[in-house]
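Participant: Below is a structure I'd like to ask you about.
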Amino acid sequence: MSSPAKKRKINGANSLPPPARSIKSFFQGQATNQSCTKEPDVTEQTLSDEALARKLQAEWNEQETTSAAAQDTPTDQDTNSPPSIPIPSDAPPAPVTSKNTLSLQSASGTDDTISLAIPLDQSPQAFDASHWAAELKSHWVTQGGDASYALLTRAFVLANATTSRIKIVDTLVNFLRILIEADPSSVLPAVWLATNSISPPYDELELGLGGSSISKALKKIYGLDNAGLKMLYNKHGDAGDVAFEAKKRQSFTLVKPKPLKIKGVYQSLTKIATSKGTGSQEAKQRIVEKLLQDARGAEESRYIVRTLVQNLRIGAVKTTMLIALARAVLYSKPTDGGFDVRPRHELARLKKEELAEIYNNAEELVKASYARHPDYNDLVPCLLESGPAEELLVRCGLTMHIPLRPMLGSITRDLSDMLTKLQGRTFSCEYKYDGQRAQVHCDEKGKVSIFSRHLETMTEKYPDLVSLVPQIRGESVSSFILEGEVVAVDRDNGDLQPFQTLTNRAKKNVEIGEIKVNVCLFAFDLMYLNGEPLLDRPFRERRELLRSLFVEITRHFTWVKSIDATSADSETVLEFFKSATDVKCEGIMVKVLDNEGKDDGQSRNTDCGDADEGTPLEMKGKPNQKPKEKGTRRKALLSTYEPDKRLESWLKVKKDYSTSSETLDLIPVAGWHGQGRKAKWWSPILLAVRNPETGSLEAVTKCMSGFTDKFYQSNKDKYAAGSTNVISRPSYVEYHGSPDVWFEPQEVWEMAFADITLSPTYPAAIGLVSEERGLSLRFPRFLKIREDKSIDEATTSDYLALLWRKQMERASVEDGKAEADEQE
């Protein structure tokens with residue numbers, strides 16, 4: 001019998017060429033004729049498939065009847081047997097009990113009606129996790145026992161349906177509680193899936209899926225053609241939404257898929273990521289297609305595809321998941337958990353301030369553990385065994401060759417602001433070099449690992465630094481973790497090179513003998529020494545250990561240049577700042593040397609990207625419950641090393657935006673979904689200059705600085721989904737990335753910036769100053785909308801190139817003056 005796929009009626013037989021590399025570029029530039037822009041006749045497609053299925057069903061029924069009759073009377077035919085009755089085209093499919101018989105199944109339905117009914121967005125004090133866990137557990141037993149992906153999809157749908165961060169956290173808390181009580185083994189894979197990743201960043205495990213793999217799977221599994229896929233994407237603009245609509249239109253399937261499991265989906269993703277070598281692309285393609293084929297319901301299809309393209313869009317960030325984990329184990333524990341939980345009715349009777357304190361204590365422990373040991377593979381099992389206790393910091397604390405999340409500095413706009421904040425305190429001013437932050441680990445056996453600020457492994461990128469470690473390690477040093485800035489240098493004269501020079505180094509398979517860009521490591525902190533963490537030591541002590549126990553090697557390894565001062569030494573600090581910018585540093589870092597006073601928790605900000613993330617949700621927008629008395633002591637400033645925190649004990653003072661007398665008039669052309677507090681807005685925004693020769697718009701920078709909340713809201717309203725201001729990817733915008741939304745170019749924004757740099761990412765003015773690189777802006781900042789200008793009056797690529805040349809000329813003149821001064 002012929003395959004149904006061969007008989008299926010296909011829309012648009014004269015299909016277009018296969019898709020390009022990314023799913024968005026697949027839709028870009030396909031020259032479709034007028035007939036292709038029409039929406040495919042979905043009714044005709046559905047009826048063709050259904051009619052074919054019914055025909056096959058009738059044929060199989062007839063075969064089964066004949067076979068059964070032959071078995072009953074092998075020698076004589078039973079003349080009284082009823083004949084096969086053809087199925088009317090409008091009749092429902094007949095139930096067939098034979099194992100070999102095809103049966104029609106609804107593609108949009110789901111058997112897991114329990115998951116769909118669970119009110120995961122309830123308050124955790126009101127949510128009865130044990131009741132739902134028992135129901136689901138008995139349901140899952142009939143399907144293998146593991147937690148279904150339908151439950152995770154339910155959590156995603158509810159989280160996506162609200163902009164309230166409290167509701168999002170509550171949804172994740174209740175979802176995790178059910179898993180903890182019903183299927184603890186699914187908690188870890190669920191956490192990975194909900195955080196849009198499959199491994200910690202230093203493991204370098206990536207899906208490696210091109211957009212073409214997704215588009216091929218959508219066409220094959222859901223019966224779409226090129227025109228249908230393009231139409232859906234132009235309408236919805238999100239790959240997951242395309243899958244949702246395509247699944248809804250697939251009214252019937254011939255094979256009932258097995259329900260997806262949370263563990264199964266995660267295992268499929270790891271198989272995709274680990275598939276290497278010959279035939280790996282075909283293997284990955286089969287896995288993607290199997291996932292889409294087994295998805296039950298349009299929502300599962302939506303989130304499978306969003307997971308594959310790694311853009312869940314549920315409004316949850318890293319800190320949200322850590323908060324949810326901490327709260328979940330306050331309410332629920334596995335049957336073999338070695339900790340106690342308080343009954344939810346008992347927690348429900350507490351005052352808001354008391355509940356907030358319990359929440360905050362648990363959250364701080366979980367976040368502190370993750371900041372020191374950012375790997376859910378270790379954190380989640382420890383949390384399920386010991387709960388949110390101090391033991392967590394011991395079992396999942398600072399570990400060699402696992403990067404801790406770096407401490408970050410608060411931004412100040414100028415020196416006077418910095419001196420005001422640190423009035424009366426002793427601090428260190430350090431050059432803020434224009435390089436790449438590096439975290440260097442070395443154990444007792446001499447194994448060296450180097451990690452970036454974003455925890456990515458850079459060991460292969462800097463083999464020269466790896467070979468340098470035995471020389472810089474003093475005799476009394478057996479193991480250490482230190483932090484510094486890797487800067488490109490001229491070995492002959494020691495001059496510092498710009499960051500762009502450093503980017504010319506390859507990232508992998510670098511051979512020492514072939515290195516053309518030399519570097520120097522400027523060390524500034526020591527976090528671990530001879531098996532002992534130093535995070536709780538004052539900065540003055542950590543710095544002293546670093547400088548006394550390690551060996552300086554000129555132009556290879558040294559310390560950041562620094563001076564110690566107080567707020568009374570304003571002239572000295574100003575001269576130091578000028579000297580930093582004169583040697584092409586970004587500015588200075590200012591760090592408190594010693595702990596002062598008792599920490600009241602007010603100087604900390606837990607999430608480096610969002611001030612609100614560190615505040616208990618129940619207390620947001622409310623005054624402190626214990627108001628300070630007039631004239632009380634000022635905030636305590638800690639000089640300890642606080643991973644993944646921004647404290648005012650570390651301040652960075654960069655070149656002020658006013659150092660550039662020029663501003664640019666740029667055109668906003670696209671945006672991304674924000675993170676944390678900004679999840680409901682577009683942030684960052686992609687901006688472009690105008691090419692006067694071709695008329696195209698060339699991307700020059702992303703900006704997320706200078707906007708107020710009021711502006712963010714009005715901008716989101718202006719470029720809301722479905723409005724005429726939001727368009728499909730325009731062919732006239734030059735940019736290789738994939739923003740979440742494209743804007744109709746219609747505004748001009750005045751932008752300030754520190755300086756202009758060569759860029760491998762942005763195509764602005766490419767060919768005018770370099771054949772291979774365009775130009776971009778450092779530290780762009782929004783000033784205002786230019787209501788008096790049209791996009792035809794926006795800054796051109798020619799003018800941008802002119803400003804870059806002037807900047808280079810000024811730098812050359814300043815270098816000449818500096819050289820002349822040295823000779824005198």
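Note that the UniProt record's numbering gives residue 130 to position 130 of the sequence shown, counting from 1, and the numbers run on in steps of one.
Cβ coordinates follow ideal geometry from the N, Cα and C atoms, glycine included.
1) Pull up the distance between the alpha-carbon of Tyr433 and that of Asp225, whole angstroms please.
2) Following the continuous alpha helix (DSSP H) through Met321, name the residue where it begins and the one where it ends.
3) To the nearest angstrom, how far is the alpha carbon of His454 from that of Thr142?
4) Along the beta strand (DSSP E) that carries Arg690, what are the first and last residues, could you check?
5) Based on Cα-Cα distance, which residue from Glu734, Asp644, Gly297 lies nearest to Lys367?
6) Verify whether the separation of the beta carbon atoms of Ser301 and Ala243 is less than 8 Å.
7) Taking buried to mean at least 16 other C-beta atoms within 10 Å of its own C-beta, is Ala721 buried or exposed?
8) With a CB to CB cut of under 6 Å and the five nearest residues on each side skipped, what residues in its chain are close to Gln310?
9) Could you check whether Pro760 and Thr503 sit closer than 8 Å to each other, using their CB atoms as the reference points?
10) So, under 8 Å CB-CB, Thr426 and Asp594 are touching, yes? Tell me the CB distance rounded to an integer number of Å.
11) By alpha-carbon positions, which one of Leu392, Asp536, Pro739, Val560 ends up nearest to Arg547?
12) Note down the Cα distance separating Asp241 from Ala150, rounded to an integer number of angstroms.
13) Given that a residue counts as buried once 16 or more other Cβ atoms are within 10 Å of its Cβ, and exposed if not, what is Lys247?
14) Where does Arg445 sit, in a helix, a strand or coil, going by DSSP?
15) Which of the three DSSP states, helix, strand or coil, is assigned to Cys520?
16) So for Gln439, helix, strand or coil by DSSP?
17) With 16 as the cutoff for other CB atoms within 10 Å, does Met589 come out buried or exposed?
18) Name the DSSP beta bridge partners of Thr426, please?
19) Quick one: Cα of Leu526 to Cα of Leu637, how far?
20) Going by DSSP in three states, Glu181 sits in which element: helix, strand or coil?
21) Considering only DSSP beta bridges, list what Ile304 is partnered with.
22) Which word fits Trp343, buried or exposed, when buried means at least 16 other C-beta atoms lie within 10 angstroms of its C-beta?
23) Can you tell me the Cα-Cα spacing of Ala129 and Glu354, whole angstroms?
24) Quick one, which of Phe782, Lys655, Lys508, Leu529 has its alpha-carbon nearest Phe577's?
25) Let me know the alpha helix (DSSP H) ranges lying completely inside the segment 363 to 416, each 4 residues or longer, listed in chain order.
26) In chain order, what residues of the same chain have a beta carbon less than 6 Å from the beta carbon of Leu330, not counting five sequence neighbours either side?
27) Which value, in whole angstroms, describes the spacing of the CA atoms of Leu775 and Gly737?
28) Tell me whether Tyr222 sits in a helix, a strand or coil according to DSSP, three-state version.
29) As a quick exercise: from Lys216, Pro668, Pro201, pick the residue whose alpha carbon is nearest that of Thr457.
30) For Thr558, which residues in the same chain have their Cβ closer than 7 Å to its Cβ, ignoring the five residues on either side in sequence?
31) Could you tell me whether the segment 167 to 174 touches the segment 281 to 296, using the rule of 3 or more Cβ pairs below 8 Å?
32) Going by C-alpha to C-alpha distance, which of Thr412, Gly446, Tyr266 sits closest to Gly474?
33) Run through the DSSP bridge pairs and tell me what His131 is partnered with.
34) For Tyr431 and Lys351, I'd like the C-alpha separation in whole angstroms.
35) What is the C-beta distance between Val748 and Glu793, in whole angstroms, given that I count them as a contact (C-beta under 8 Å)?
36) Taking Cβ to Cβ, would you say Phe156 is nearer than 8 Å to Ile262?
Facilitator: Let me spell this out:
1) Distance from the CA atom of Tyr433 to the CA atom of Asp225, rounded to whole angstroms, is 53 Å.
2) Taken as a continuous stretch (DSSP letters only), the alpha helix (DSSP H) holding Met321 covers 318 to 331.
3) Distance between the alpha carbons of His454 and Thr142 is about 43 Å.
4) Looking at the DSSP string, the run of the beta strand (DSSP E) that includes Arg690 is 682 to 690.
5) Closest option to Lys367, Cα to Cα, is Asp644.
6) Taking 8 Å as the Cβ cut-off, Ser301 and Ala243 qualify as a contacting pair.
7) Ala721 should be labelled exposed.
8) The answer, listed in chain order, is Asn196.
9) For Thr503 and Pro760, yes; Cβs fall inside 8 Å.
10) The beta-carbon distance between Thr426 and Asp594, rounded to whole angstroms, is 7 Å. This is short enough to meet the 8 Å contact definition.
11) Cα-wise, what sits closest to Arg547 is Val560.
12) Those two C-alpha atoms are separated by around 17 Å.
13) Buried, by the Cβ-count rule.
14) One point to set straight first is that residue 445 is Lys, not Arg, in the sequence displayed. Coil, per DSSP.
15) Looking at Cys520 - three-state DSSP - the assignment turns out to be strand.
16) DSSP places Gln439 in strand when its eight states are reduced to three.
17) Looking at its Cβ environment, which holds 16 or more other Cβ atoms inside 10 Å, Met589 is buried.
18) Within the DSSP secondary-structure output, Thr426 pairs in a beta bridge with Thr566.
19) Their backbone Cα atoms lie some 19 Å apart in a straight line.
20) Secondary structure of Glu181 (DSSP, three-state): helix.
21) Note: Ile304 sits in no beta bridge, so no partner.
22) Correcting the residue type first, residue 343 is Pro in the shown sequence and not Trp. Only exposed fits Pro343, as fewer than 16 other CB atoms lie within 10 angstroms of its CB.
23) Each residue's Cα considered, the two are about 22 Å apart.
24) Comparing Cα positions, the closest option is Lys655.
25) The segment 363 to 416 contains these whole alpha helix (DSSP H) runs: 376 to 386, 391 to 395.
26) If you ignore the 5 residues before and after Leu330, its C-beta comes within less than 6 Å of the C-beta of Ala362, all in its own chain and listed in chain order.
27) The straight-line gap from Cα to Cα measures roughly 16 Å.
28) In this structure, Tyr222 counts as helix in the three-state DSSP scheme.
29) The candidate whose alpha carbon is nearest that of Thr457 is Pro201.
30) The beta carbon of Thr558 sits closer than 7 Å to the beta carbons of Cys520, Phe522, Glu552 from its chain, once the five residues preceding and following it are set aside; these are given in chain order.
31) Result no; under three Cβ-Cβ pairs closer than 8 Å.
32) Closest by alpha carbon: Gly446.
33) Beta-bridge pairing links His131 to no other residue.
34) Answer to the nearest angstrom: the Cα atoms are 48 Å apart.
35) So it is a contact: roughly 7 Å between Cβ atoms.
36) No, the pair does not count as a contact, with Cβ atoms beyond the cut-off.
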